[in-house]
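Quick notes on the structure that follows.
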Amino acid sequence: MMTEPLVSILCTVYNKEPWLAQTIESFLAQERDFPIEILLIDDASTDGSKAIIATYQEKYPDLIRTFYNQENQGIAKTWVSICQEARGHYIARCDGDDFWLDKQKLKKQLSLLADNPQAKWSNTDFDVYNEYGELVSQAGFENGFIPLADTFEKMLATRGFTMASTWLVERELMLEVNAELDLTTSDDTFNLQMDLFQRTELAYLPEATVAYVINQGSDSRPKDFNSIVRRFNTLLRTQNQYLDKYPNSDYREMLRILLDRNNRYELELTKREGSLSQVGIENVTIYLNRGGKGFNQEDILQFPLAQSDAIDFQLPDDCSMIRVDLSEIPNFFKEVHLISKLGQTDILPDFTNAIVLGDAYIFPNRDPQMLFTIPVDLFGRDLQLKYEIYEVDDIHSDDYIGKILAQNFLDAKAKIRQLQRDQLKFEAALRTVETQQKDIEELTRLYNSVICSRRWTIPTKIINFFRRKK
């Protein structure tokens, strides 16, 4: 008789071929001392997802169970049906394009739930990746990339987020909540989260255990404005339905949340009326990892973003790692340097989400970041952050980024053409050298054939005889 699993890992799949193998491998990599099962359900994919699922089931028949919808059912129906197949005490959810980063994710969440008996539901922090597998942002909740909605009121008022691919939920609770799910919804997690909050507290692990992959054109990232309108209007209808469904909710708390959110939105709109680079509005934030505790909002240095600046600062004794956030919006820097004042040496970043072009750092996405490890015995604790932003507002400026990049492009093309000409000259010279080398080899052969011949040898002997007579 098979041992009943403690955790059922459920993965819903629809056209996730590029990412699916990585997702499944991340389940298999979990370090555990408890039984699990992996349930994969394909919702009538039209790509190669089904073949990938079948391959893994054949390879791990005792661990993986597979299910296939003959016709596309949508996420809500697919989720409800696969939950009914789960045998574990807990259900762990992961979408087919996300993947787990921490090999001890499940162990950590089980321990968290054991320490918080009032909670039957757990989530964790996450890192954000784009569809090409490139890291966009680390610790999405902790660094504020996406706010964590950890109460019903926050969830309903802000259309919040708990990151479903990090969930670990008691199965019986999940089945109870599923029974109330609107099976026509295009975003099942919004409804599920609000019903879960009415039944249990959420235990949150502030560690990034999952990679959240943002795909352009997905339900959460529609490509055209009409799709955005439909999605937002659907969410609004759902919000109104849940106001009626749970009339005893804390309306005053929701009003406070909305007032605060409205104030922040108005400030954001005011920002956008200014320059694109947001000089004087955005901040440069230096996060200090003190005592190896990670980055947080308490241990920071903050300075107004300027067109150019040289910021002197000193590392605390218990800090040798920093994260530099050069504003919170996409931005374009002509140069960025972290300089050790001890030796006037540039310290290179361990990581950045910029496109690096020489000294230039081009940050095409929100939340520009640079991570540095500083060996203080080598560089000391007195540092300077020096930067200059490209001009992005005044198209008449000689320093306008469009002009700079266009000129750099033209210069690069000119260098390529010159290199091509030099290559042709080199190849012609090389052919000349090769021809001359062959001529020399032929002359050497002829010379050797002459001096070694009998007709050459006899006169040489006569000449040498008369030389001796003298």
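Per UniProt numbering, the sequence shown starts with residue 1, numbered consecutively. Cβ coordinates follow ideal geometry from the N, Cα and C atoms, glycine included.
Asked                                                                                                                                                                                       : Found
What does a CB cutoff of less than 6 Å around L357 pick up in its chain, not counting 5 residues either side in sequence?                                                                   : none
DSSP three-state label for K438, please.                                                                                                                                                    : helix
Whole angstroms are fine: how far does the CA of F99 sit from the CA of D125?                                                                                                               : 13 Å
How big is the Cα-Cα spacing for I228 and F190?                                                                                                                                             : 16 Å
Given M1, which residues of its chain have a CB within under 7 Å of its CB, disregarding the five upstream and five downstream residues?                                                    : Unreliable positioning characterises M1 in this predicted model, as indicated by a pLDDT of 40, which lies under 50. The coordinate reading is nonetheless provided below. Excluding residues within five positions, none has a Cβ falling inside 7 Å.
Just verifying my parser: in three-state terms, what is the DSSP assignment at Q57?                                                                                                         : helix
Ends of the beta strand (DSSP E) at Q198?                                                                                                                                                   : That residue, Q198, is in no beta strand (DSSP E); it is neither H nor E in DSSP.
Looking at the unbroken alpha helix (DSSP H) that takes in T3, where does it start and where does it end?                                                                                   : Premise fails: T3 is in no alpha helix (DSSP H) and is neither H nor E.
Near R93, which residues of its chain fall below 7 Å by C-beta distance, leaving aside the five closest residues on each side in sequence?                                                  : L10, A164, S165 and W167
Once DSSP output is grouped into helix, strand and coil, what is the label at F313?                                                                                                         : strand
Verify whether the separation of the beta carbon atoms of F313 and Y390 is less than 8 Å.                                                                                                   : no
Is the Cβ-Cβ distance between M194 and L156 less than 8 Å?                                                                                                                                  : yes
Please give the ranges of any beta strand (DSSP E) in the stretch 319-388, keeping only runs that are unbroken, at least 3 residues long and fully inside the region.                       : 319-326, 331-340, 345-347, 355-357, 360-363 and 369-373
Hey, out of I374, N283 and L113, whose CA is closest to Y387's CA?                                                                                                                          : N283
Could I get the ranges of all uninterrupted beta strand (DSSP E) runs contained in the UniProt domain "Glycosyltransferase 2-like" (8-117), with 3 residues as the minimum, in chain order? : 36-42, 64-68 and 90-95
Within this structure, are the beta carbons of Y90 and V169 separated by less than 8 Å?                                                                                                     : yes
With a CB to CB cut of under 6 Å and the five nearest residues on each side skipped, what residues in its chain are close to A29?                                                           : K103
Looking only at C-alpha atoms, which of T158, E268 and T285 sits nearest to F232?                                                                                                           : T158
Return helix, strand or coil for K293, following the three-state DSSP convention.                                                                                                           : coil
When the Cα of P61 is compared with those of E37, K77 and E71, which residue comes out closest?                                                                                             : E37
What residue range is occupied by the uninterrupted alpha helix (DSSP H) comprising V177?                                                                                                   : R171 to N178
Rounded C-beta distance between N143 and V136? I'm assuming under 8 Å.                                                                                                                      : With 8 Å as the limit, N143 and V136 do not qualify as a contact, their Cβ atoms being about 11 Å apart.
What does DSSP give as the partner residues of N130 in its beta bridges?                                                                                                                    : I214
Can you name, in chain order, every residue of its own chain whose Cβ lies under 8 Å from the Cβ of G140, other than the five neighbours on each side?                                      : D125, F126, D127, V128, I146, M163, A208 and Y212
Which residue from T200, Q73 and T285 puts its Cα closest to that of D188?                                                                                                                  : Q73
Distance check for P330 and V392, CA to CA, integer angstroms please.                                                                                                                       : 11 Å
Quick one: Cα of K403 to Cα of K77, how far?                                                                                                                                                : 53 Å
Compute the Euclidean distance between the alpha carbons of G217 and K50, then round it to the nearest angstrom.                                                                            : In this prediction, G217 has a pLDDT of 48, which is less than 50 and means its spatial position is unreliable; nothing more can be read from the coordinates.
So what does DSSP say about residue 484, is it helix, strand or coil?                                                                                                                       : A question about residue 484 goes unanswered here, because the residues of the chain that appear run from 1 up to 470.
Anyone know if the C-beta pair for R323 and L385 falls short of 8 Å?                                                                                                                        : no
Hey, how far is the Cα of I347 from the Cα of H337?                                                                                                                                         : 7 Å
For D350, which residues of its own chain have a beta-carbon under 7 Å away from its beta-carbon, when the five flanking residues on both sides are left out?                               : L371, F372 and T373
In terms of alpha-carbon separation, which member of E268, E434 and S340 lies closest to C281?                                                                                              : Cys is not the amino acid found at residue 281; the sequence shown has Ile there. Checked all of E268, E434 and S340; the closest Cα to I281 is E268.
For the pair the stretch 40-54 and the stretch 8-23, tell me if three or more CB-CB distances fall below 8 Å.                                                                               : yes
Can you list, in chain order, the residues of its chain whose CB lies under 8 Å from that of L383, leaving out five sequence neighbours each side?                                          : D312, F313, Q314, L315, L338, I339, S340, K341, I347 and I374
Where does D422 sit, in a helix, a strand or coil, going by DSSP?                                                                                                                           : helix
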